[in-house]
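S.K.: Below are the structure tokens for one structure; questions will follow.
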């Protein structure tokens, strides 16, 4: 029974480490995201972790106006303070993932229009290839808002789906500037709200499980494996 528990813990750890969360912190207020997550920079000159993810020019960062009272974001209660993204101009906005991702896609959103809006996941870049799944947004921006009444967009819903295959792009469609998004999560049907310190709390049981299995001679664990796990956790936590 203990062995089964350890194996289950390791599977959970694998799922945690595989997911990528884009929280848009440091992108810049009203800055185009562009190659911020692609080894390049946003239009503000900032750069983030290189996940091989590129956003079309319509994708823009917004910082909560309550931060030093000098930013433009009219929202509150965001899942991870204090930057979100909005898609501006007409048509659709696209997120391309060069190496692709699998399992699921999810995020938090706040939407103020009654027009149809959807998020579609495709097997090819720029909304090409097989349609792997679709999510539809409901009007929710002011439902039961608490804690911070000054933000117009003050309610956020988690939404996500599982899909089969490899996704290489996500297309965000709907009326521009009516939907805010945060914590885009690639590789999971449930969006993450794990803070920086939370990652290490989760990774602790993973390391203990690995060490325990090593002591029981189920699978010897080398020092290099443990170092790689710790480095991976630290890199991921820097941008959450």
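Numbering (mature numbering (1 follows the signal peptide of the UniProt record, and there is no 0)), first residue to last: -18 to -1, 1 to 222. Idealized CB from N, CA, C, for every residue including glycine. These numbers were taken from a predicted model, which means no experiment stands behind them.
1) Residue 137 and residue 123: beta carbons closer than 8 Å?
2) Using the Cα positions of residue 105 and residue 163, report the straight-line distance between them to the nearest angstrom.
3) Rounded to the nearest angstrom, what separates residue 21 and residue 32 at their Cα positions?
4) Would you list, in sequence order, the uninterrupted beta strand (DSSP E) runs of no fewer than 3 residues that lie entirely inside the stretch 41 to 127?
5) Decide if residue 119 is buried, meaning its Cβ has at least 16 other Cβ atoms within 10 Å, or exposed.
6) Would you kindly report the start and end of the unbroken beta strand (DSSP E) that includes residue 142?
7) Measure the C-alpha to C-alpha separation of residue 135 and residue 51 and round it to an integer number of angstroms.
8) In its own chain, which residues sit with a C-beta less than 6 Å from the C-beta of residue 7, not counting the 5 before and 5 after it?
9) Which residue from 144, 111 and 152 puts its Cα closest to that of residue 169?
10) At the level of alpha carbons, what is the spacing between residue 48 and residue 110?
11) Please report the residue range of the beta strand (DSSP E) in which residue 167 lies.
12) What residues in its chain sit with their C-beta under 8 Å from that of residue 28, if we drop five residues either side in the sequence?
13) Select from 16, 159, 150 and 161 the residue whose C-alpha is nearest the C-alpha of residue 87.
14) Specify, as a first and last residue, the run of the beta strand (DSSP E) that residue 36 falls within.
15) Starting from residue 9, follow its DSSP beta bridges and name the residues at the other end.
16) In the DSSP assignment, the beta strand (DSSP E) including residue 149 goes from what residue to what residue?
17) Please report the straight-line C-alpha distance between residue 108 and residue 90, rounded to a whole angstrom.
18) Do you know offhand how far residue 80's Cα is from residue 34's?
19) From residue 126 to residue 59, what does the alpha carbon distance come to, in whole angstroms?
M.R.: On the basis of the supplied data:
1) yes
2) 22 Å
3) 5 Å
4) As far as the stretch 41 to 127 is concerned, its whole beta strand (DSSP E) runs of at least 3 residues are 41 to 45, 65 to 69, 74 to 83, 86 to 93, 100 to 104 and 113 to 118.
5) buried
6) 139 to 144
7) 16 Å
8) Counting only Cβ-Cβ distances below 6 Å, and skipping sequence neighbours, we find 65.
9) 144
10) 39 Å
11) Element bounds for residue 167: 161 to 168.
12) 8, 9, 10, 13 and 18
13) 150
14) From DSSP, the beta strand (DSSP E) with residue 36 extends over 35 to 37.
15) Its beta-bridge partners do not exist; DSSP assigns none.
16) 149 to 155
17) 22 Å
18) 6 Å
19) 11 Å
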